[in-house]
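Engineer: Numbering of the sequence shown is given in the working numbering, commencing with residue 2 and proceeding in unit increments.
Backbone N, C-alpha and C fix where the C-beta goes; we use that ideal spot for every residue, glycine too.
Have a look at this one.
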Amino acid sequence: MPEQSPLASAFAALQQERESNWAAEALAANHSQRRALVKNFDPAKAVRAGDVLPEASFLDLEGNEIRLDSLVADGPAVLILFRHATCAADNLALPIYDRDLREPLAAEGVPLVAVSPQVPERLSAIRERHGLKLTVLSDPDNRFARELGVLFAPMDQPSPPPSGWIGEVTGTGSWELPQTSVLIVDRGRIVRFVAVSPDWLDRVEPKDVFDALRAVQDHPTSKQAAA
Numbered sequence: 002m003p004e005q006s007p008l009a010s011a012f013a014a015l016q017q018e019r020e021s022n023w024a025a026e027a028l029a030a031n032h033s034q035r036r037a038l039v040k041n042f043d044p045a046k047a048v049r050a051g052d053v054l055p056e057a058s059f060l061d062l063e064g065n066e067i068r069l070d071s072l073v074a075d076g077p078a079v080l081i082l083f084r085h086a087t088c089a090a091d092n093l094a095l096p097i098y099d100r101d102l103r104e105p106l107a108a109e110g111v112p113l114v115a116v117s118p119q120v121p122e123r124l125s126a127i128r129e130r131h132g133l134k135l136t137v138l139s140d141p142d143n144r145f146a147r148e149l150g151v152l153f154a155p156m157d158q159p160s161p162p163p164s165g166w167i168g169e170v171t172g173t174g175s176w177e178l179p180q181t182s183v184l185i186v187d188r189g190r191i192v193r194f195v196a197v198s199p200d201w202l203d204r205v206e207p208k209d210v211f212d213a214l215r216a217v218q219d220h221p222t223s224k225q226a227a228a
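Written out as structure tokens, the structure is:
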């Protein structure tokens with residue numbers, strides 16, 4: 002693992018750039034939304050370590066169904082929930098996760114999968130833009146994120162929605178987005194680790210995810226299943 006806090010550094014630079022170029026009103030609205038999400042987040046209503054997830058399926062970038070059970074058939078998988086292919090923060094985070102986690106996880110036989118509600122035909126852009134090697138999947142209608150209890154909708158929802166509103170960007174026709182999250186899901190769809198980030202500019206670092214994976218691999222139940 003190279004840098005200790007690459008995400009924090011990248012997000013700090015993004016915020017500094019915005020403070021130099023954004024209008025004060027836009028900055029205030031962005032900060033207010035993130036602060037409200039942090040304040041209102043109730044961990045008791047979201048997925049927790051030890052939970053067993055229901056069956057779930059996703060779509061790959063060609064529109065083929067990928068089942069959660071297939072991702073964890075041979076052991077744990079790391080799932081990254083992100084917003085959409087045009088989110089500035091996601092365009093910083095996914096390349097960092099890909100760079101710092103994909104090869105170490107692959108050496109352990111652990112899939113690294115990024116999941117967004119955006120429709121596949123629009124979602125492929127972020128993978129192509131950055132040459133990502135991790136798997137990118139679509140969560141149709143936010144079904145998986147809804148089961149996890151990590152959905153939110155922005156405070157400001159103009160009616161009728163303006164051109165370029167979030168439902169148009171994602172192709173879902175909805176204001177809802179997942180709170181950025183990282184999960185380690187083991188065989189039997191057992192959640193071993195979860196980090197939900199209501200503030201999308203404050204996400205779990207790659208090193209912390211890898212350290213959590215090590216703890217999962219040392220978990221007696223995980224060892225027993227692998228035997």
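Provide the residue span of the beta strand (DSSP E) that contains Glu66, from first to last.
Structural biologist: Counted from its first residue, the sequence shown places residue 66 at position 65. Glu66 to Arg68 is the span of the beta strand (DSSP E), which, as asked, contains Glu66.
Engineer: Whole angstroms are fine: how far does the CA of Gly172 sit from the CA of His146?
Structural biologist: For the purposes of this step, residue 146 is taken as residue 145 along the sequence shown, with counting starting at 1. For the purposes of this step, residue 172 is taken as residue 171 along the sequence shown, with counting starting at 1. The sequence given here places Ala at residue 146; His does not occur at that position. Rounded to whole angstroms, Ala146 to Gly172 spans 16 Å at the Cα level.
Engineer: How big is the Cα-Cα spacing for Gly150 and Pro179?
Structural biologist: Sequence index remark: in the sequence shown, residue 150 carries index 149 (1-based). Sequence index remark: in the sequence shown, residue 179 carries index 178 (1-based). C-alpha separation (whole angstroms): 9 Å.
Engineer: What's the gap between the Cα of Ala228 and the Cα of Arg193?
Structural biologist: Walking along the sequence shown from the start, residue 228 turns up at place 227. Walking along the sequence shown from the start, residue 193 turns up at place 192. Note that Ala228 scores 48 on pLDDT, short of 50, meaning its location in the model is unreliable and no value can be drawn from it.
Engineer: For Gly165 and Val73, what's the separation of their Cα atoms in angstroms?
Structural biologist: Position 164 of the sequence shown holds residue 165. Position 72 of the sequence shown holds residue 73. Cα to Cα, the separation comes out at about 36 Å.
Engineer: Run the CB neighbour count on Asp101, radius 10 Å, all protein chains shown included, and call it buried at 16 or more, exposed below.
Structural biologist: In the sequence shown, the residue the question calls residue 101 occupies position 100. Under this definition Asp101 is a buried residue.
Engineer: Note the first and the last residue of the continuous beta strand (DSSP E) segment covering Arg193.
Structural biologist: As a position in the sequence shown, residue 193 is number 192, starting the count at 1. Residues Ile191 to Ser198.
Engineer: Specify the secondary structure class of Val1 as computed by DSSP and reduced to three states.
Structural biologist: It is not possible to answer for residue 1, since the shown part of the chain is limited to 2 through 228.
Engineer: Buried or exposed for Val39, please, with buried defined as at least 16 other CB atoms from any protein chain shown within 10 angstroms of its CB.
Structural biologist: Within the sequence shown, the letter at position 38 stands for residue 39. The residue is exposed, with fewer than 16 neighbouring Cβ atoms inside 10 Å.
Engineer: Along the beta strand (DSSP E) that carries Val73, what are the first and last residues, could you check?
Structural biologist: By 1-based counting over the sequence shown, the position of residue 73 is 72. Careful: Val73 lies outside any beta strand (DSSP E) and carries neither H nor E.
Engineer: Leaving out five residues before and five after Pro112 in sequence, what residues of the same chain have Cβ atoms less than 6 Å from its Cβ?
Structural biologist: Counting from one through the sequence shown, the residue named residue 112 turns up at place 111. For Pro112, where only same-chain residues beyond five positions count, the Cβ hits under 6 Å are Leu72 and Ala78.
Engineer: Taking the straight line between their C-alpha atoms, what separation do you get for Arg215 and Glu26?
Structural biologist: Taking the first residue of the sequence shown as 1, we reach residue 215 at position 214. Taking the first residue of the sequence shown as 1, we reach residue 26 at position 25. If I take the Cα positions, the gap works out to 44 Å.
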